[in-house]
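Protein chains in written order, with the working numbering: chain A, -1 to 126; chain B, -1 to 126. Backbone N, C-alpha and C define an ideal beta-carbon position, used for all residues, glycine too.
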DNA sequence: ATAATCCTTCCCATCATGGGAAGGTCAAGG
DNA sequence: CCTTGACCTTCCCATGATGGGAAGGATTAT
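Okay, here's the thing in structure tokens:
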């Protein structure tokens, strides 16, 4: 399978497949005589795995670890769980941050008339 | 005031002050005879405004608009409110997304033993 | 006068992704 | 057999907001 079909089948763009190979997330693909990258069903399987890990929001560094664990039959599931929990902590921190921002904004916006008058507590707050 | 003191006073790094000037967010700074950027109290005031808008998570494009409204005495507060509400919508969308990710992960992680055994529903889910 | 600190511009890196150019390859159809 | 179009290759550039650092000039303090 060429890279275009692999991209289609896995949901990872050809650009990203080359990029992943480049940064060492994926092993170097087998090449045809003319230099085309060739992908097997197992390769597609791995690409899908990466794709889904991205969908879950895992950063690349964690995906590297997850891929290693995935292909390690003797892995302890505690390692996988540890990565997942750490990621959840990251998500939690981000959510908390965004919610705090939203809360502040909400308060400000609720005090803003939102009409043709120029006075506005939002600008006043930014001005400080 | 030189750029270093302006950075200190405003909480915006010298690097970022130059960058903001470069992308047109801020007007070109007055220069001394030897080419040093010089900042007035009004400049510091504007830098602080930008800084606080960043703290609220506004993207640069919105900050450009907010700055323009800030210096427009005839602005309608509805314009400011519109920008703030749009930003809140963005934050809301991000929060929803992160919460959805977290919810999925939580379910998966709760089913993972997290011990020395290799079987793990997290990897199984990623594998699909 | 000299050293230390500040300033200038310019380049590079992040992270994951896409756009696009220049040029080689392959498959289908006339 | 040759052309055409679709595909592939590598390489460079851009994103957004930020920092690091180098090379060289300016200012300030000793």
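Annotation: residue 10 (chain A) is outside any alpha helix (DSSP H) and is labelled neither H nor E by DSSP. A Cβ-Cβ separation of about 5 angstroms places residue 81 (chain A) in contact with residue 60 (chain A) under the 8 angstroms criterion. When CB distances to chain B are screened at a threshold of 8 angstroms, the residues of the region 83 to 117 of chain A falling below it are 83, 85, 86, 89, 90, 92, 93, 96, 97, 99, 100, 102, 103, 104, 106, 107, 110, 111, 112, 113, 114, 115, 116, 117, in chain order. Here DSSP, grouped into helix, strand and coil, assigns residue 80 (chain B) to helix.
Under the DSSP definition of a beta bridge, residue 35 (chain A) partners with A:29. Not one beta carbon of chain A lies nearer than 7 angstroms to the beta carbon of residue 8 (chain B). Two segments are said to touch when three or more pairs of C-beta atoms, one from each, lie closer than 8 angstroms; by this definition the region 86 to 104 of chain A does not touch the region 1 to 9 of chain B. Here residue 87 (chain B) has no same chain residue with a Cβ atom under 8 angstroms from its own Cβ, once five neighbours each way along the sequence are excluded. DSSP places residue 59 (chain B) in the uninterrupted alpha helix (DSSP H) bounded by 58 to 68.
In terms of Cα proximity to residue 74 (chain A), the closest of B:110, B:106, B:24 is B:110.
At a cut-off of 7 angstroms between beta-carbon atoms, residue 1 (chain B) makes no contact with chain A. Annotation: residue 114 (chain A) is outside any alpha helix (DSSP H) and is labelled neither H nor E by DSSP. Three or more Cβ pairs drawn from the region 62 to 76 of chain B and the region 102 to 116 of chain A lie within less than 8 angstroms of each other, which places the two stretches in contact. When C-beta distances to chain B are compared with 7 angstroms, every residue of the region 24 to 44 of chain A stays at or above that value. Proximity of chain B to residue 57 (chain A) at the Cβ level (cut-off 8 angstroms) is not reached, the minimal Cβ distance being about 12 angstroms. At a beta-carbon threshold of 8 angstroms, none of the residues of chain B lie near residue 52 (chain A); the nearest stands roughly 10 angstroms away.
When the Cα atoms are used, residue 116 (chain A) and residue 71 (chain B) turn out to be separated by approximately 7 angstroms. Residue 44 (chain A) sits buried, since 16 or more C-beta atoms from the chains shown fall within 10 Å of its C-beta. Taking all protein chains in view, the Cβ of residue 66 (chain A) is surrounded by fewer than 16 other Cβ atoms within 10 Å, so the residue is classified as exposed. Note on residue 41 (chain A): 16 or more other CB atoms within 10 angstroms of its CB, so buried under the neighbour-count rule. One thing to note: residue 124 (chain B) has its Cβ within 7 angstroms of the Cβ of residue 50 (chain A). For residue 119 (chain A), the uninterrupted alpha helix (DSSP H) run begins and ends at 119 to 125, by DSSP. Residue 101 (chain A) counts as exposed, since fewer than 16 other C-beta atoms from the protein chains shown sit within 10 angstroms of its C-beta. Chain order gives no chain A residues near residue 4 (chain B), where near means a beta carbon separation below 9 angstroms; the closest approach is about 16 angstroms.
Using a Cβ-Cβ cut-off of 7 angstroms, residue 78 (chain A) counts as an interface residue toward chain B, since at least one Cβ of chain B sits closer than that to its own.
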